[in-house]
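Visitor:
Residue numbers (our numbering): 771 to 1602.
Shown next as structure tokens:
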């Protein structure tokens, strides 16, 4: 075929093609705004391409050093971003409202198609009925996402009854440590805007680092946006990388990292041994400690670390049999770490999202403080709030005209304890537990009413995706009424909804706001805060799928406060017009007001904003940063000469004065925590309940970790054919030693089990993880066989391999808060 023929055929293929830009701001991926360019033909997306809004046609952007130093780089999406078309046009897509007939749960009922009017009338009627029937205890509604001392229930200010939660999922393991030792609260700096102490970093600051320590961190897989790209650039320019993890991961390969394998859950012991070397060899940064660290707590922790408190020197020799890391390796790491300033030590969520993991998070932050790396260029705060930086460019702010109601809903529970709410409210009603026990187990503050959960609103796959799935399923099966949105007929969570609505994929098919009212002017809180995107609607959804915000407006009409809820859209009654009118009435005026540049920011950056019509053709605004001036942790407050640490002392507290002086069991934390990080807490005799050293290992001797995957964002895209099969097969990874002991080889079907659940999965034998450790990727959709039922598995054994069926949810007597992601299991071949 001639060149001319090829060009002609390509031209024919692209005739009539339009383009729009959007982002994968969905299903948990809300801390990066990767840009994708979508080709549309005949009303359907026919291709998804990378960002070309800057440096178009350039294969290697790092050839342009100015672009690297100023952050003027493309925001390229991961494999999931490019595979969304297979989700949109899946044959399993839910296309119309349905109601549940029969029992809830897998194999216990069925769905019938209903009209939109019936669905909306039923939901509104149930809301009214429950409010009337429960006037004395109205805290009724659970609407995902209840977190950050808030709720994303749109009617929270109009209707008493919203369950409001504290904490969050992602950073939950490190939040207590950040609060107690640094005075950093993610809620204050990210959600409420009441703190200007930002603990995050921007990606180009990695070019200042001499050493990056990936502690339980796989950024090439789990950290989207610009950070992994700049890590690779830093590595190519001489930065060294070390991985501390039970599993040799993708990032270790890509970045040439030295791997220090560690037993899961022993990170606190490792950190204590590193601190021992820093203390005893006088390797800590005296100047930084004198300026930023409260001295008495620094000395108290030193006494514990070196053995003056309990007679145990927490040195590398002590840590070796606990962690499995040779003492010589720990010593060498500590000395190298102390000598390589600036060091970007970043401990990721999986280390701390386990029982007693709060101490591991605290140790990481304290080590960064000891070495003077916590708040300097090229450094890192070390905890979970690394995604929060000072914005460089403020996006337009849309105004719906909403008039808030006067209802104030109190905080009733921890974000990760909704399942426990459902479980405990039955025990409390039956007189089996006291009010104090109820409060402690769910994280309910003493001055708040107890929740009385009767309705759940689920717009995602929540029931499948978090710890103790069997308990979660039982709670939702017993729920008086549940409704929500789902994408597919076969999503596990759909089985527990009384009314299910077909969900648009909001980044392509609607103008809906994301949770917590995040609007369509999207910018990223992680990696690079120098751009924003307007993500308009690109294509119409299939079938009877309608915008979520239209649904909320229709419910507001039925409940009598539509005129307050969204006045600007009050007269829009035809759902076909909804998205166009949202853009015209809400987003266009917001952009035009922003373009007036009242604060002079656009003039400062020499931006000439185009008209609204021109802007929609390339709806991205990006500004250059100043080389060498990228945000590092607490940069703004440090340079102002002001302490960013909101502790009682105003400094980093190695011994938390708040914890020392407060009975945490009387607070929302419910349990206890020592004032400084210890290996064995003073308030319990047993090790962590997911530890190698817990008595449960007699029956369940393998420590399970549950990393995220390149091929799923939580459970989103789990059934995507482009991300399955030859691309990815869901397996349990085992070491050769553990597999040989059990007569297992790669490809065998095995049963993974413990006291919480049983799952069947295919085995994969690999030398890339520590003996005694097994790894099952997070997010697989449960598929129960409905045959091999038991008290433990009432819907039958899961034949897909959902790791969350194997993870418990017990925190007490330790503080509640962390979303647990680890457990102890045993494995045997199926049929044996």
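Glycine included, C-beta positions come from ideal geometry on N, C-alpha and C.
The alpha helix (DSSP H) with residue 1189 in it runs from where to where?
Guide: Element bounds for residue 1189: 1188 to 1199.
Visitor: Tell me the residue span of the beta strand (DSSP E) that contains residue 992.
Guide: Taken as a continuous stretch (DSSP letters only), residue 992 belongs to no beta strand (DSSP E), being part of the alpha helix (DSSP H) at 989 to 992.
Visitor: Going by the DSSP bridge assignment, what does residue 1492 pair with across the sheet?
Guide: For residue 1492, which the question treats as bridged, DSSP gives no partner whatsoever.
Visitor: According to the Cβ coordinates, are residue 794 and residue 1480 closer than 8 Å?
Guide: Cβ distance not < 8 Å, so residue 794 and residue 1480 don't count as in contact.
Visitor: Between the beta-carbon of residue 967 and the beta-carbon of residue 959, is there less than 8 Å?
Guide: Their beta carbons are under 8 Å apart, which means residue 967 touches residue 959 by this criterion.
Visitor: Can you tell me the Cα-Cα spacing of residue 953 and residue 1407, whole angstroms?
Guide: If you take the alpha carbons of residue 953 and residue 1407, they lie about 14 Å apart.
Visitor: Just curious, the beta strand (DSSP E) that residue 1270 is in, first and last residue?
Guide: Segment 1269 to 1272, the beta strand (DSSP E) holding residue 1270.
Visitor: Taking one C-beta from the region 981 to 995 and one from the region 1008 to 1024 each time, how about it: are there three or more such pairs within less than 8 Å?
Guide: Result yes; three or more Cβ-Cβ pairs closer than 8 Å.
Visitor: Can you tell me which of the three DSSP states residue 844 falls into?
Guide: Three-state result, residue 844: coil.
Visitor: Along the chain, where does the beta strand (DSSP E) that runs through residue 1545 open and close?
Guide: Taken as a continuous stretch (DSSP letters only), the beta strand (DSSP E) holding residue 1545 covers 1543 to 1546.
Visitor: Locate the alpha helix (DSSP H) running through residue 1183, then write down its first and last residues.
Guide: Where residue 1183 is concerned, there is no enclosing alpha helix (DSSP H), although the beta strand (DSSP E) it sits in stretches over 1181 to 1184.
Visitor: Taking all protein chains shown into account, decide if residue 1119 is buried (16 or more other Cβ within 10 angstroms of its Cβ) or exposed.
Guide: Residue 1119 comes out buried.
Visitor: Buried or exposed: where does residue 1602 fall if 16 or more other Cβ atoms within 10 Å of its Cβ makes it buried?
Guide: Exposed: under 16 other Cβ atoms inside 10 Å.
Visitor: Between residue 1617 and the rest of its own chain, which residues show a CB-CB distance below 6 Å, the 5 nearest in sequence each way excluded?
Guide: What is shown of the chain runs 771 to 1602, which leaves residue 1617 out entirely.
Visitor: Excluding the 5 residues preceding and the 5 following residue 1062 in the sequence, name in chain order all residues of the same chain whose CB lies nearer than 8 Å to its CB.
Guide: Correct list, in chain order: 1139, 1144, 1145, 1413, 1415, 1421, 1422.
Visitor: Relative to the alpha-carbon of residue 1095, which residue among 1170, 1020, 1016, 1024 has its alpha-carbon at the smallest distance?
Guide: It is 1016.
Visitor: Expressed to the nearest angstrom, what Euclidean distance is found between the alpha-carbon atoms of residue 1225 and residue 931?
Guide: Each residue's Cα considered, the two are about 10 Å apart.
Visitor: Could you check where the beta strand (DSSP E) with residue 936 kicks off and where it finishes?
Guide: Start and end: 934 to 936.
Visitor: So the candidates are 811, 1526, 1136, 1428; which of them puts its Cα closest to the Cα of residue 783?
Guide: Here the closest residue by C-alpha is 811.
Visitor: Excluding the 5 residues flanking residue 1223 on each side, which residues of the same chain have their C-beta closer than 7 Å to its C-beta?
Guide: Closer than 7 Å at Cβ, skipping near neighbours: 910, 912, 933, 1191, 1192, 1195.
Visitor: Run through the DSSP bridge pairs and tell me what residue 1501 is partnered with.
Guide: Its beta-bridge partners are 1532.
Visitor: Can you check whether the CB of residue 804 is closer than 8 Å to the CB of residue 994?
Guide: Contact: yes.
Visitor: Which residues in the same chain as residue 1452 place their Cβ atom closer than 7 Å to its Cβ, once the five residues preceding and following it in sequence are excluded?
Guide: Excluding sequence neighbours, residue 1452 sits near 1444.
Visitor: Please check the pair residue 973 and residue 1179, which I expect to be a contact at CB under 8 Å, by giving their CB distance rounded to whole angstroms.
Guide: With 8 Å as the limit, residue 973 and residue 1179 do not qualify as a contact, their Cβ atoms being about 38 Å apart.
Visitor: To which residues of the same chain is residue 1476 closer than 8 Å at the C-beta, ignoring the five residues directly before and after it?
Guide: Once the five neighbours on either side are set aside, the close Cβ partners of residue 1476 are 1120, 1545, 1546, 1547, 1548, 1573, 1574, 1577, 1591, 1592.
Visitor: Determine the burial state of residue 1337: buried for a count of at least 16 other Cβ atoms within 10 Å of its Cβ, exposed for fewer.
Guide: Its Cβ having fewer than 16 others within 10 Å, residue 1337 is exposed.
Visitor: For the beta strand (DSSP E) containing residue 923, list its first residue and its last residue.
Guide: Premise fails: residue 923 is in no beta strand (DSSP E) and is neither H nor E.
Visitor: Given a cut-off of 8 Å on the beta-carbon distance, is the pair residue 1148 and residue 1134 in contact?
Guide: For residue 1148 and residue 1134, no; Cβs fall outside 8 Å.
Visitor: Who are the near neighbours of residue 1080 in its chain, counting only those whose CB is closer than 8 Å to its CB and skipping five residues on each side?
Guide: 1074, listed in sequence order.
Visitor: By the 10 Å Cβ neighbour count, where 16 or more other Cβ atoms means buried, how is residue 776 classified, buried or exposed?
Guide: Answer is exposed; the Cβ neighbour count stays below 16.
Visitor: Roughly how many angstroms separate the alpha carbons of residue 1566 and residue 878, rounded to a whole number?
Guide: Near 12 Å, if we compare the C-alpha coordinates of residue 878 and residue 1566.
Visitor: Compare the C-alpha of residue 1084 against each of 1049, 1108, 1113, 1116 and name the closest.
Guide: Comparing Cα-Cα distances from residue 1084 to each of 1049, 1108, 1113, 1116, the minimum goes to 1049.
Visitor: Using DSSP with H/G/I as helix, E/B as strand and the rest coil, what is residue 943?
Guide: Residue 943: helix per DSSP, three-state reduction.
Visitor: If you reduce the DSSP assignment to three classes, tell me which class residue 791 lands in.
Guide: In the structure shown, residue 791 sits in a strand (DSSP, three-state: E or B).
Visitor: Give the secondary structure of residue 1557 by DSSP, where H, G and I count as helix, E and B as strand, and everything else as coil.
Guide: It is coil, neither helix nor strand.
Visitor: Beta-carbon separation of residue 1529 and residue 1568 under 8 Å?
Guide: Going by C-beta atoms, residue 1529 is nearer than 8 Å to residue 1568.
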